[in-house]
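Sequence lines, in order, name chains A and B. The C-terminal position of the first sequence is numbered 378 in our numbering, with every residue numbered one higher than the one before it. The C-terminal position of the second sequence is numbered 961 in our numbering, with every residue numbered one higher than the one before it. Every residue gets a Cβ at the ideal spot worked out from N, C-alpha and C, and that includes glycine. Note that the coordinates shown come from a computational prediction; the quantities given were computed from them, not determined experimentally. The structure under discussion appears below in the form of structure tokens.
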Amino acid sequence: MASLSTTSLSFKAPSIQSTTTRIYQVLRKASSFQSISFGRFQSSKRLRLQISCAAKPETVQKVSDIVKEQLALSADTALTAESKFSALGADSLDTVEIVMALEEKFDISVEETDAQNITTIQEAADLIEDLVQKKPAACSIVELEKVMFYQRCISSLV
Amino acid sequence: MRISVMSQMQRSFSIDLPSLIPLQLPSRRYTHLWYVIPDEVKSTSLLKRYSQLLSQTEKDGVDQMRGDELKKNALLARTLVRTTVARYQTNKAFDPRSLMFKKNVYGKPEVDWQNCNNQPLHFNISHTDSLIACGVTVHAPVGIDVEDKERKIKHDVLAFAKRFYSADEVNFLATIRDPEAQRKEFIKLWTLKEAYVKALGKGFSAAPFNTFTIQSIPGTEEGYSLCKTSEVTADPLEETKKCNGEWKFALLELADSHYAAVCIEDDQANEGAPMRVIVRKTIPFVEDQLISERIFL
């Protein structure tokens with residue numbers, strides 16, 4: 221469960237935009253909240269928070285499972301986010317098959333040129349998160365509660 | 665004391681590399697296709713000699729591979745490239761260790777000739793678990809791809825093709841009833857398409873698989889031609905196809921176990937002339953075996 225750190229906030233921001241930008245920066249430095257990552261903060265008249273619902277470690281794990289299956293690796297092969305497909309013996313046909321499996325698993329559509337450029341598990345996970353984020357959010361209740369919590373924090377500081 | 669003796673031994677061991685038998689450069693329109701079967705290279709002392717040929721970067725690349733078999737194959741691939749390219753140099757005592765490699769701006773591996781410009785030699789390599797191949801040409805970029813004939817894909821062949829191949833290729837595959845024959849044609853197409861993209865040398869974004877069709881030339885047994893579809897327009901019926909003879913293809917079988925596709929850019933001077941492929945099996949420093957010489961129209 222995320223919590224705001226005790227860093228003191230002192231600022232002289234006259235406008236809401238810069239206030240909330242500073243809060244965004246403080247929150248990022250605060251204790252890790254892995255299940256929500258704020259998307260690019262767009263400076264606009266209205267506050268907008270983008271929510272990503274895919275937790276990075278989870279995504280990496282799912283990608284690893286698919287890679288293991290495609291490359292017929294033993295279940296106890298140690299894979300990390302940095303594991304390179306080529307170092308595991310994947311050729312371009314394997315990479316494309318892995319991408320197809322990821323598309324099915326995450327219900328996304330990967331551009332062909334992106335498909336060929338994925339070389340590590342992390343890159344695949346990042347691409348998936350990027351594509352999932354762009355989809356209309358299908359967030360869980362827990363995630364929504366967290367969003368509302370942060371919105372209250374921000375509005376109370378203004 | 666012991667350390668210096670060891671390094672002395674290492675030095676004399678490395679000087680002791682047998683010399684490579686030099687080769688004549690291929691003529692224009694010829695591709696020399698060399699291949700190694702990893703299972704046939706068992707001697708640990710030979711593999712040690714091979715590892716001495718590699719640059720530090722290449723050694724690091726081999727070390728990165730997970731598992732002994734993958735490491736061995738990575739070592740053999742670099743050895744095949746270094747020794748093969750070295751053998752074509754006119755200087756008979758050319759040391760394969762002195763070759764430098766670089767990648768072009770799109771990531772295609774090339775020889776770094778280090779200020780000796782206008783070198784005519786081009787190469788490209790491809791490998792599977794059980795075969796490593798290197799193609800060599802002069803004056804024309806070359807791309808090769810090898811694939812195990814028995815390679816099974818995890819997805820349905822047509823579903824895969826619909827996702828990645830061109831519409832004409834999907835139609836072609838759809839007409840093949842027997843699933844095994846369909847899978848084989850799918851694999852052949854994969855090797856041909858990969859060989860083209862590798863010959864082009866501009867990365868996959870320059871030639872997405874669904875923007876070009878490779879099809880057999882009617883009336884020939886193994887001739888293939890390339891047709892590029894134009895920019896995708898709103899109306900698919902408006903797509904025009906440009907089929908030209910700029911790129912030549914050859915599809916062969918190696919060691920009864922693999923399909924190998926070779927693609928070269930047609931030299932202006934030789935427009936329309938047939939392509940020839942000379943296939944040799946090799947174990948670097950040990951033996952060469954001429955396998956075949958074939959003409960592809």
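The three-state secondary structure of TRP854 (chain B), taken from DSSP, is helix. THR300 (chain A) and ASP793 (chain B) have their C-alpha atoms some 23 Å from each other.
When DSSP reads this structure, LEU918 (chain B) sits in a beta bridge with B:HIS922. Runs of the beta strand (DSSP E) spanning 3 or more residues and lying entirely within the region 691 to 745 of chain B occur at 694 to 700, in chain order. The C-beta of MET729 (chain B) comes closer than 8 Å to at least one C-beta of chain A. Around the CB of TYR770 (chain B), fewer than 16 other CB atoms lie within 10 Å, so the residue is classed as exposed.
Annotation for ILE808 (chain B): the continuous beta strand (DSSP E) segment containing it runs 806 to 812. Think of a sphere of 9 Å around the beta carbon of LEU313 (chain A): the chain B residues whose beta carbon falls inside it are GLU811, ARG815, ILE817, ILE851, TRP854 and GLU858, in chain order. By DSSP's assignment, ALA797 (chain B) forms a beta bridge with B:TYR699 and B:SER790. With 16 or more neighbouring CB atoms inside 10 Å of its own CB, MET320 (chain A) falls in the buried class. ALA914 (chain B) and ALA804 (chain B) have their C-alpha atoms spaced approximately 15 Å apart. DSSP places LYS288 (chain A) in the helix class (H, G or I) of the three-state scheme. Our two residues, ILE318 (chain A) and PHE758 (chain B), have alpha carbons roughly 42 Å apart in a direct line. Interface annotation, PRO872 (chain B): in contact with chain A, CB-CB separation under 8 Å. Per DSSP, THR875 (chain B) lies in no beta strand (DSSP E) and is assigned neither H nor E.
Judged by DSSP secondary structure, ILE959 (chain B) falls within the beta strand (DSSP E) whose first and last residues are 951 to 960. Annotation: the continuous beta strand (DSSP E) that includes ILE947 (chain B) extends over 939 to 947.
When only Cα atoms are considered, LYS355 (chain A) and SER306 (chain A) end up about 30 Å apart. Listed in chain order, the positions of the region 283 to 300 of chain A with a beta carbon within less than 7 Å of a beta carbon of chain B are GLN290.
At a cut-off of 8 Å between beta carbons, MET368 (chain A) makes no contact with chain B. PRO773 (chain B) is bridged by DSSP to B:LYS767. Distance between GLU365 (chain A) and PHE828 (chain B), taken at the CA atoms: about 41 Å. Closer than 8 Å at the C-beta level to chain A, one finds these residues of the region 826 to 844 of chain B: ARG827 and PHE828.
At a cut-off of 8 Å, the C-beta of SER869 (chain B) has a neighbouring C-beta in chain A. Within the DSSP bridge table, the entry for GLU929 (chain B) names B:TRP911 as partners.
Look at the beta carbons and you see the region 940 to 953 of chain B not touching the region 863 to 876 of chain B: under three pairs across the two are nearer than 8 Å. According to DSSP, residue pairing for TYR829 (chain B) in a beta bridge does not occur. Counting along the chain, the unbroken alpha helix (DSSP H) around ALA335 (chain A) starts and ends at 332 to 337. Ranked by Cα distance from HIS786 (chain B), the options B:SER683, B:TRP854 and B:ARG692 are led by B:ARG692. Under the Cβ distance rule, LEU795 (chain B) does not count among the residues neighbouring chain A, no pair being separated by less than 8 Å.
Only exposed fits GLY731 (chain B), as fewer than 16 other CB atoms lie within 10 angstroms of its CB. In the three-state DSSP reduction, LEU293 (chain A) falls in the coil class, being neither helix nor strand. In this structure, VAL726 (chain B) lies away from LEU717 (chain B), with their beta-carbon atoms at least 8 Å apart.
Contacts with chain B at 8 Å (Cβ-Cβ) do not include THR279 (chain A). With contacts defined as CB atoms closer than 8 Å, ALA345 (chain A) and THR279 (chain A) qualify as a contacting pair. Residue contact check for GLU332 (chain A) against chain B: a CB pair falls below 8 Å.
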